[in-house]
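Have a look at the structure below, then the notes.
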Amino acid sequence: MVAPCKDEGDWDEATAPRHVFANTWYVGSCGISAILITSPAGHILIDGATEAAAGGVARSIEASGHRMRDVRVILNTHEHFDHAGGIARLQQLSGAQVLSRAAALPVLRSGRSERNDPQHLELKPFPAVPGARAIADDAHVQVGPLSVQVHATPGHAPGSTSFSWRSCAGTDCRQVVYADSVSALADGEYLYRDHPDYGTAFKAGMQALAGIEPCDILLTPHPSVSDLWPRLRGEQPMGSAGACRALATTGLQNLQKRLDREAKEAPP
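Quick note: the sequence shown uses the numbering used here, first residue 420, plus one each step.
What follows is the structure, given as structure tokens:
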């Protein structure tokens, strides 16, 4: 039995790897996800958690029975310090290529947020990944037999990206979806009502998320958002019908609540 986290919300606390399904592993910290997809030809890692958690992610990969040096590609859900902060260190340890959608690339390469991000003023810098390369918004990222589908789901951040792939345990095959965050947060200066194009992109991103089918196993960058820990403990079903659609609906509700709040607080 795996020892529980002291605090399941702690972004930096290291924890043991958890087997999600077939060749899919959770190798993140207690409060921030990192997902490993494995194959004999090499592995794909999605997200690096925080800078402080990077060492724990690397140890978790090794503890799962896989080798850091076999990680060929590192992907990223979005360009914030809590999910991209550990990528530079993990790239150094593995020699992997770091790939992201073009919308996230400037921030990944510099390690510093830009004003087009609603949370810009509240986002800490993180170690830059200057060699990160762009991939298309609808790319298939392949390593050996692995094929991960990229889905552009902007909203929480300009570069927000979700991923889906097929994992098989024998003849039991399921589509795993690692869906990016859907909260509509902002710093003290940014107003969504002043950026209608961003709101339009947010809605399109949620529409794209809702359209990912099947959505057999849902994972999220913050495990608590998708109740991952109870599911891994067997307290809840690992999969539920309509999980991606439900998360997308929550995202649209989050955006509307933000707009309603801004309207209420607007000067007369």
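Every residue gets a Cβ at the ideal spot worked out from N, C-alpha and C, and that includes glycine.
Whole angstroms are fine: how far does the CA of L509 sit from the CA of G474? When only Cα atoms are considered, G474 and L509 end up about 8 Å apart.
Taking contact to mean at least 3 C-beta pairs separated by less than 8 Å, is the segment 480-492 in contact with the segment 510-520? Short answer: they touch.
Determine the extent of the beta strand (DSSP E) in which S581 is found, giving its start and end residues. Unbroken beta strand (DSSP E) run through S581: T580 to A588.
Within 10 Å of its beta-carbon, does R677 have 16 or more other beta-carbons around it, so buried, or fewer, so exposed? If you draw a 10 Å sphere on the C-beta of R677, you find 16 or more other C-beta atoms in it, and that means buried.
Reduced DSSP secondary structure (H/G/I, E/B, other) of T443: Correct three-state label for T443: strand.
I need the DSSP call for D591, collapsed to helix, strand or coil. Strand, per DSSP.
V601 and T669 closer than 9 Å at C-beta: Against a cut-off of 9 Å, the Cβ pair of T669 and V601 comes out as a contact.
Thinking V511 and A605 are a contact (beta carbons under 8 Å), I'd like their distance in whole angstroms, please. Inspection of the sequence shows that residue 511 is occupied by Gln rather than by Val. Their Cβ separation, rounded to whole angstroms, is 33 Å, which puts Q511 and A605 out of contact at 8 Å.
Could you name the residues of the same chain whose beta carbon sits closer than 6 Å to that of R664, not counting the 5 residues immediately before and after it, in chain order? For R664, where only same-chain residues beyond five positions count, the Cβ hits under 6 Å are A629.
I'd like to check one pair, S452 with T590: are the Cβ atoms closer than 9 Å? No, the Cβ-Cβ distance between T590 and S452 is not below 9 Å.
What first and last residue would you give for the alpha helix (DSSP H) that runs through L542? Careful: L542 lies outside any alpha helix (DSSP H) and carries neither H nor E.
Would you decide whether H575 is buried or exposed? Buried here means 16 or more other CB atoms lie within 10 Å of its CB. Buried, by the Cβ-count rule.
Cβ neighbours of A472 in the same chain (closer than 6 Å, five flanking residues each side left out): Here the set comprises D431, S448 and G505.
Rounded to whole angstroms, what is the Cα-Cα separation between V404 and D426? Past the edges of the chain, shown from 420 to 687, lies residue 404, and the structure says nothing about it.
Residue ranges of each alpha helix (DSSP H) run of no fewer than 4 residues wholly in the segment 599-685, ordered along the chain? At a cut-off of 4 residues, the continuous stretches assigned as alpha helix (DSSP H) that sit fully inside the segment 599-685 are 615-629, 647-651 and 662-684.
When I454, S458 and M657 are compared against S479, the one with the closest alpha-carbon: Checking every option, the nearest Cα to that of S479 belongs to I454.
One or two residues paired with S483 in a DSSP bridge: Beta-bridge pairing links S483 to no other residue.
Residue environment, H438, which counts as buried when at least 16 other CB atoms sit within 10 Å: Residue burial is scored here from C-beta neighbours: H438 has fewer than 16 other C-beta atoms within 10 angstroms and is therefore classed as exposed.
Give me the Cα-Cα distance between L651 and R520, rounded to the nearest whole angstrom. Approximately 30 Å between the Cα atoms of the pair.
Which residues in the same chain as F621 place their Cβ atom closer than 6 Å to its Cβ, once the five residues preceding and following it in sequence are excluded? So the list reads G574 and L674, once near-sequence residues are dropped.
What does A553 pair with, by DSSP beta-bridge criteria? Beta-bridge analysis with DSSP links A553 to S519.
Using three-state DSSP, classify S448 as helix, strand or coil. Reduced to three states, the DSSP call for S448 is coil.
What's the C-alpha gap between E470 and P686? The alpha-carbon atoms of E470 and P686 are separated by roughly 40 Å.
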